[in-house]
Every structure is written in structure tokens, then in C-alpha cells.
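Taking it in order: structure first as C-alpha cells, then the write-up.
Numbering (my numbering), first residue to last: 281 to 619.
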């Protein structure tokens with residue numbers, strides 16, 4: 281397994297991590313299957329896991345907590361997140377109070393202590409504000425906000441080893457990096473076989489401030505036609521009156537051709553593409569069954585793509601404007617496939 285230093289945290293992390301979003305009841309995953317996935321990943325060189333309070337309404341944290349207890353001599357680093365109080369968790373019984381909690385030091389601390397209890401730990405390796413652009417009311421020139429006060433106090437106490445922030449928005453994370461108050465970021469959707477927009481602003485800022493960079497969503501959040509080579513799935517895009525969908529079909533066809541030349545699945549090519557950028561320190565890839573974890577690790581063990589293949593993918597991405605793959609866009613494409 282490729283190992284990389286996670287910026288100024290000094291943590292040596294596996295270039296392929298394990299995301300904790302999908303292995304819960306929220307996605308119909310049995311607890312034993314989740315345990316098997318984690319055990320296999322740790323036995324094969326993965327040493328970074330990602331979770332959040334909202335994932336499975338706390339079940340993800342509990343599953344990882346059990347794993348940490350099982351693997352006391354081989355504990356992975358855990359990247360945890362705080363937020364989404366109104367959606368699920370110990371404050372969600374009262375939506376109004378949950379919204380107020382984003383600006384209440386004691387209530388934020390209450391949720392963090394609960395997360396520690398679920399994880400069965402006395403500290404966090406990395407603790408992030410979840411989706412920094414949302415309800416936290418961050419002052420981006422300074423980074424000032426209540427959650428930052430909480431995280432910085434906990435870091436002084438040794439309860440948090442590294443402060444982080446996550447987002448779908450690379451520009452938001454770049455702004456926070458420039459405050460020099462965070463140690464690492466996690467960006468979802470910043471890179472896939474169809475985009476690498478995290479390199480426009482986020483990566484240069486991270487390099488300048490020696491901030492660790494973790495990614496998720498390299499499969500394009502299950503963008504239709506991207507995860508599995510399916511040329512028939514591209515027909516609705518080609519026949520659409522929307523020029524951007526036409527461009528999407530052209531790009532996917534070119535990616536399919538390259539995957540065929542390299543004798544790779546789309547997942548294998550995506551994993552190896554992300555590994556090809558040393559400025560990305562770890563990719564915490566999600567999974568819903570053990571077979572997914574095994575395939576992801578096999579893909580990582582193949583190593584980065586050849587430089588010429590990376591250049592081909594970059595050229596494909598740059599050939600015309602298409603979508604940023606927001607939830608709305610996904611729904612739009614899914615509807616086209618159903619018609």
C-alpha cells in the first residue's frame with residue numbers, strides 16, 4: 281500500500297482509506313458485513329477511516345468504535361466529523377434547538393462527547409466541521425466561528441490531534457485553508473474521471489499551508505454511466521437537446537475506450553487515477569460489501585496510472601463543458617435514463 285504524509289499532521293496514512301458512510305443500516309448493510317470490511321481493510325494496509333455523526337445516525341461511529349476495540353494493536357487513524365445536528369443524532373429531537381446548537385459551545389461539545397463514547401476513544405485523530413459552508417456561519421477571512429473555538433480548545437487539551445474541515449465545495453475549503461487554522465481537509469467530488477476541479481484552488485492552497493488532503497467521491501457519486509462501462513446508457517445523453525449531456529456522452533465514450541485499452545474496469549481506472557496525484561494524501565473510498573473493499577484494494581495495489589494515461593484523462597476532462605454533478609444534476613440524468 282502506498283503511504284503518504286498527511287500534511288502538517290505528520291500522520292503517515294494509506295493512500296487508500298475506507299469511508300464509513302455506506303456500511304450502515306442506512307444502506308442495508310449487516311453489522312457483520314461491516315465488521316468484515318473493516319477487518320479486511322486493516323489486514324491489507326489501510327490505516328485511515330472516515331466517519332461522521334450523521335452517517336447511519338451514529339451507527340458508523342459505533343461500528344468503527346467496535347473495530348478500534350478489536351484492533352488495539354493495529355488501530356487506524358480515524359477522521360471524524362461534527363455537524364448535521366438537525367438531521368439526526370442526539371439533538372435532532374428538536375429541530376429549532378438543533379439549529380441553535382451550531383452557535384452554542386456547550387451543545388456542540390455535548391455531541392462531540394457522544395461521538396467519543398460511540399468510538400470508545402478518549403481523543404480524535406482528526407475532527408472536522410462537517411460541510412463548512414453550511415450552518416456554522418464561518419467568517420471565512422478569519423475562520424472565526426463557535427465550532428472553531430471548540431476544536432481549538434480541544435486541540436490544546438489533546439482531545440483533538442488535528443483540526444479539519446469537509447465540504448463538497450473546493451473554494452470553501454481553500455478559504456478555510458488560508459486562515460491557517462486547520463490541519464487537513466476532506467473534499468467530496470473534487471476529482472473523478474470527469475473532473476479535477478480541486479486542483480484549481482484547493483490543492484495549491486493546501487500545498488502552500490502544508491495542509492493534509494483527503495478525498496471521497498472519486499466514482500462521481502454513482503454518476504450514471506461512469507461506474508460501469510455501459511455504452512447503451514449513453515444513448516439518452518446523445519439524443520438529448522442539452523449540449524452538456526451530449527458532451528458528457530462524448531467524454532464517457534472516450535473514457536470507456538481508454539479503459540478498454542488499459543484492460544481496466546472503470547472503478548480500477550478511477551482509483552488508480554486518484555492515486556496518480558501525490559498531492560492527494562488519501563482517498564477514503566466507500567463500500568457496501570466486502571467484495572467492494574477487496575476490489576478497491578486490488579485496484580490500489582496496481583499503483584498509479586501511467587503518466588500518458590493520466591494525460592489522456594485530463595485531456596478528456598478538458599474537452600468541453602459538462603456538469604458539476606450536484607444532486608440536482610444526478611436527478612436530471614436519472615430521469616433521462618428512465619424515460
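Every residue gets a Cβ at the ideal spot worked out from N, C-alpha and C, and that includes glycine. Predicted, not measured: the structure shown is a model, and the values here were computed from it.
| task | Indicate the three-state DSSP secondary structure (helix, strand or coil) for residue 379 in the structure shown. | result | Working through the chain shown from its first residue, we reach residue 379 at position 99. In this structure, residue 379 counts as helix in the three-state DSSP scheme.
| request: For residue 419, name the three-state secondary structure that DSSP assigns. | output: Counting from one through the chain shown, the residue named residue 419 turns up at place 139. Here residue 419 sits in strand by DSSP.
| query | Looking only at its own chain, which residues have a Cβ that is under 8 Å from the Cβ of residue 424, when we skip the five neighbours before and after it? | reply | Position 144 of the chain shown, counted from the first residue, corresponds to residue 424. Excluding positions up to five away in sequence, the list reads 418.
| request: Report yes if the CB atom of residue 464 is closer than 7 Å to the CB atom of residue 388, and no otherwise. | output: By 1-based counting over the chain shown, the position of residue 464 is 184. By 1-based counting over the chain shown, the position of residue 388 is 108. For residue 464 and residue 388, no; Cβs fall outside 7 Å.
| request: Would you mind stating whether residue 518 and residue 546 have Cβ atoms separated by less than 7 Å? | output: Within the chain shown, numbered from 1, the residue matching residue 518 stands at position 238. Within the chain shown, numbered from 1, the residue matching residue 546 stands at position 266. No, the Cβ-Cβ distance between residue 518 and residue 546 is not below 7 Å.
| Would DSSP call residue 475 helix, strand or coil? | Here residue 475 refers to the residue found at position 195 of the chain shown. Residue 475: coil per DSSP, three-state reduction.
| When you compare only the Cα positions, how much space is there between residue 290 and residue 492? | Reading the chain shown from its first residue, position 10 is the one you call residue 290. Reading the chain shown from its first residue, position 212 is the one you call residue 492. Answer to the nearest angstrom: the Cα atoms are 9 Å apart.
| query | Which class does residue 251 belong to by DSSP, given the choice of helix, strand or coil? | reply | Any answer about residue 251 is impossible in this case: the structure gives the chain only from 281 up to 619.
| said: I need the straight-line Cα distance from residue 544 to residue 391, nearest angstrom please. | reply: Counting from one through the chain shown, the residue named residue 544 turns up at place 264. Counting from one through the chain shown, the residue named residue 391 turns up at place 111. Cα to Cα, the separation comes out at about 43 Å.
| said: Between residue 319 and residue 299, how many whole angstroms is the CB-CB distance? I'm expecting something under 8 Å. | reply: Reading the chain shown from its first residue, position 39 is the one you call residue 319. Reading the chain shown from its first residue, position 19 is the one you call residue 299. Residue 319 to residue 299, Cβ: 16 Å. No contact.
| query | With 16 as the cutoff for other CB atoms within 10 Å, does residue 505 come out buried or exposed? | reply | Position 225 of the chain shown, counted from the first residue, corresponds to residue 505. Buried.
| How many Å lie between residue 541 and residue 593 at the Cα? | The residue you call residue 541 lines up with position 261 of the chain shown. The residue you call residue 593 lines up with position 313 of the chain shown. Taking the straight line joining both Cα atoms gives about 13 Å.
| field | Exposure of residue 297, with buried meaning 16 or more beta-carbon neighbours within 10 Å | value | Position 17 of the chain shown, counted from the start, is the residue given in the question as residue 297. The residue is buried, with at least 16 neighbouring Cβ atoms inside 10 Å.
| field | Simplified DSSP state of residue 528, which is helix, strand or coil | value | Here the question's residue 528 lines up with position 248 in the chain shown. Residue state, collapsed to three classes: helix.
| Less than 7 Å separating the beta-carbons of residue 368 and residue 339? | As a first step, residue 368 is located in the chain shown; it is residue number 88 there, counting from the start. As a first step, residue 339 is located in the chain shown; it is residue number 59 there, counting from the start. Not in contact: residue 368 and residue 339 (Cβ atoms no closer than 7 Å).
| message | Buried or exposed for residue 571, going by 16 or more other Cβ atoms inside 10 Å? | response | Numbered from 1 along the chain shown, position 291 holds the residue referred to as residue 571. Result: exposed.
| said: Mapping the DSSP letters down to three states, classify residue 407 as helix, strand or coil. | reply: On the chain shown, position 127 is the one that residue 407 refers to. Residue state, collapsed to three classes: strand.
| Quick one: what's got a C-beta closer than 6 Å to residue 468's C-beta in the same chain, skipping five residues either side? | Here residue 468 corresponds to residue number 188 of the chain shown, with the count starting at 1. Result list for residue 468: 448, 496, 497, in chain order.
| said: Taking its Cβ as the centre, do 16 or more other Cβ atoms sit within 10 Å of residue 352, making it buried, or is it exposed? | reply: As a working mapping, residue 352 is identified with position 72 in the chain shown. It is exposed - the Cβ of residue 352 has fewer than 16 other Cβ atoms within 10 Å.
| Unbroken alpha helix (DSSP H) run spanning residue 393, endpoints | In the chain shown, counting from the first residue as 1, residue 393 sits at position 113. Its alpha helix (DSSP H) spans residues 385-399.
| request: May I ask you to list the residues that DSSP assigns as paired with residue 520? | output: Here residue 520 refers to the residue found at position 240 of the chain shown. Paired residues: none, contrary to the question.
| Hey, residue 292 and residue 285 are a contact pair by Cβ (cut 8 Å); roughly how many whole angstroms apart? | As a working note, residue 292 is residue 12 in the chain shown. As a working note, residue 285 is residue 5 in the chain shown. Contact flag correct, Cβ pair sits at about 6 Å.
| said: Please classify residue 301 as buried or exposed, where buried requires at least 16 neighbouring CB atoms within 10 angstroms. | reply: Taking the first residue of the chain shown as position 1, residue 301 is located at position 21. Result: buried.
| query | Using a Cβ-Cβ cut-off of 6 Å (strictly less than) and excluding sequence neighbours within five positions of residue 343, which residues of its own chain qualify? | reply | Within the chain shown, numbered from 1, the residue matching residue 343 stands at position 63. Excluding positions up to five away in sequence, the list reads 314.
| How far does the beta strand (DSSP E) with residue 468 in it reach, from first residue to last? | Residue mapping note: residue 468 aligns to position 188 of the chain shown, counting from 1. Per DSSP, residue 468 belongs to the beta strand (DSSP E) from 464-468.
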